[in-house]
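Enquirer:
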Amino acid sequence: GEDVEQSLFLSVREGDSSVINCTYTDSSSTYLYWYKQEPGAGLQLLTYIFSNMDMKQDQRLTVLLNKKDKHLSLRIADTQTGDSAIYFCAGGRGGATGRRALTFGSGTRLQVQP
Amino acid sequence: GAVVSQHPSWVICKSGTSVKIECRSLDFQATTMFWYRQFPKQSLMLMATSNEGSKATYEQGVEKDKFLINHASLTLSTLTVTSAHPEDSSFYICSASPGPRQETQYFGPGTRLLVL
């Protein structure tokens, strides 16, 4: 099965950029996702990247994928206090017969200091 | 956008009782839904894959007789925790993906279960 690893904690100042890193083991993962979880809440899909892409940008979010190193990162520009949350990366494989479950990393707690 | 709801959002029950959690896709049909479990400060662990009209597929170590899953329609899957014990206390989250061409999965808001 797939293993997905993340650093546990990141602290940044408001207005700085945040970079959250993730490594995965299964090179056949078709899609890689970033989810945000606020305290006591469910998961919010932030963005995802298809495995044949190197980069995807969506407003303040930039996802970089290095397939050779199996490394995924999420950059949040101009980080705000509302970005404080736990960020999970997850890998999954699509399939013609249906959706596949996701394998999640341990989550990175982002703390934004005013 | 695709919305997945869960009910109840949180529940407290006595040890030995059963609790049913509902997962609904509100604006799309989902042939497959997934049930995850999250312990405090930990990641999500897949419990089972719920397929409409057929038996659920459980992950290794998950007791199918304890965690009963029913996927009665294309918009509803239920998870019943039978004879709940304090160690079953956790955050249960379901997810679903809309349509055969959609690879993204959308998650419900989760159900927090506390067994006394």
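Quick mapping for you: the protein sequence lines, in order, are chains A and H. Okay, so the first sequence: first residue is 591 according to this note's numbering, each after it adds one. Okay, so the second sequence: first residue is 14 according to this note's numbering, each after it adds one. The beta carbon of each residue, even a glycine, is placed where N, CA and C say it ideally should be.
(1) Is residue 100 of chain H helix, strand or coil by DSSP?
(2) Does the Cβ-Cβ distance between residue 669 of chain A and residue 604 of chain A come in under 8 Å?
(3) Where in the segment 40–109 of chain H do unbroken runs of the beta strand (DSSP E), each at least 3 residues long, occur, reported from the N-terminal end onward?
(4) What are the start and end residues of each continuous alpha helix (DSSP H) run of 4 or more residues lying completely inside the segment 649–687 of chain A, in chain order?
(5) Taking a cut of 9 Å between CB atoms, which residues from the segment 613–630 of chain A lie near chain H?
(6) Determine contact between the segment 85–96 of chain H and the segment 671–685 of chain A, defined as no fewer than three beta-carbon pairs at a distance below 8 Å.
(7) On the DSSP letters alone, give me the boundaries of the beta strand (DSSP E) that residue 607 of chain A sits inside.
(8) Tell me which residue opens and which closes the beta strand (DSSP E) that residue 32 of chain H is part of.
(9) Examine chain H for any beta-carbon lying closer than 8 Å to the beta-carbon of residue 599 of chain A, and answer yes or no.
(10) Please classify residue 111 of chain H: is it buried, with 16 or more other beta-carbons within 10 angstroms of its beta-carbon, or exposed?
Expert: In this structure, then:
(1) In the structure shown, residue 100 of chain H adopts helical secondary structure according to DSSP, grouped into three states.
(2) yes
(3) 45–51, 57–64, 80–86, 89–94, 103–109
(4) If we require 4 residues or more, the segment 649–687 of chain A turns out to have no alpha helix (DSSP H) run fully inside it.
(5) 620, 621, 623, 625, 627, 630
(6) no
(7) Taken as a continuous stretch (DSSP letters only), residue 607 of chain A belongs to no beta strand (DSSP E), as it is neither H nor E.
(8) Element bounds for residue 32 of chain H: 32–38.
(9) no
(10) buried
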